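Q:
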């Protein structure tokens, strides 16, 4: 049973470019969460999605960041016009239900903005 | 808003000894989940143990156990017979039950060093 998949594992972007991070949840999971981890910090919740719906985006910056989880295919976290402060590890997690509590994490994508 | 505090940035323990990592949290909810996650150098987040707030019995997973004190809002992790593979960052996390649509709230982590 494959775990949560994220790609790419490492992404380098110049300031002003766009970054697209992909997440495929565990088989059978329809709930996806995105988190950001800055250096020396814990993970910070960004957004929670179900298939075709954004349920909670309270942790997402208002500008330049967007997320989607289409009916078919992976969830995408998109960062437009990246700045150096966006450099971080971005983790995706999935859960079987919204109330099950447990979230299973992918290996993360390390974004470096130069 | 819920907050999770880990007051020990770093802990060190001799191999085969026991170590306890501290975590306190603040919430007005009566029902919630608490977790300990391990993040080794690979950066993969691994679930170590979980506790439901309505359960009085402390959760145990092999060498890992928790001391859950609901009134004190304390949730410590005890690692017995420490092994070199236990070296990692350990994060305490909280999630409320009502609504069910929340992400996890994490503490800043404790870096655990295992001395051979």
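Chains as they are written, first to last, in the numbering used here: chain R, 1 to 114; chain D, 115 to 230.
C-beta: ideal position from N, C-alpha, C; glycine also.
Note that the structure is predicted; figures quoted are calculated from it, not measured.
Classify residue 123(D): buried if its beta carbon has 16 or more other beta carbons within 10 angstroms, exposed otherwise.
A: With fewer than 16 Cβ atoms within 10 Å of its Cβ, residue 123(D) is classed as exposed.
Q: Answer with yes or no whether the minimum CB distance from residue 65(R) to chain D is below 8 angstroms.
A: So no, residue 65(R) is outside the interface.
Q: Spell out the partners DSSP gives residue 175(D) in its beta bridges.
A: Its beta-bridge partners are 178(D).
Q: Indicate whether the contact test is met: 3 or more Cβ pairs, each with one atom in the segment 145-157 of chain D and one in the segment 165-183 of chain D, closer than 8 angstroms.
A: At 8 angstroms Cβ cutoff, the stretches touch.
Q: Report back the beta-carbon spacing between residue 47(R) and residue 23(R) to the nearest angstrom; my notes put them in contact at under 8 angstroms.
A: Not quite, the Cβ-Cβ distance comes to about 11 angstroms (not below 8 angstroms), so this is no contact.
Q: Residue 42(R) versus chain D: which residues are under 7 angstroms apart at the beta carbon?
A: Chain D residues near residue 42(R): 205, 220, 221, 222 and 223.
Q: At the level of alpha carbons, what is the spacing between residue 94(R) and residue 78(R)?
A: C-alpha separation (whole angstroms): 18 angstroms.
Q: What's the call for residue 85(R), buried or exposed, on a 16-neighbour Cβ count within 10 Å?
A: Exposed, by the Cβ-count rule.
Q: Is any beta-carbon of chain D found at less than 8 angstroms from that of residue 102(R)?
A: Interface residue, yes.
Q: Using a C-beta cutoff of 8 angstroms, does residue 69(R) count as contacting chain D?
A: Answer no: the Cβ-Cβ gap between residue 69(R) and chain D never drops below 8 angstroms.
Q: Who are the neighbours of residue 161(D) on chain R, taking C-beta pairs under 9 angstroms?
A: Simply 102, 103, 104 and 105.
Q: Looking at the unbroken beta strand (DSSP E) that takes in residue 162(D), where does it start and where does it end?
A: Unbroken beta strand (DSSP E) run through residue 162(D): 160-166.
Q: Kindly identify the DSSP beta-bridge partner or partners of residue 136(R).
A: Nothing about residue 136(R) can be read from this structure; chain R reaches only from 1 to 114.
Q: According to the Cβ coordinates, are residue 91(R) and residue 106(R) closer than 8 angstroms?
A: In contact: residue 91(R) and residue 106(R) (Cβ atoms closer than 8 angstroms).
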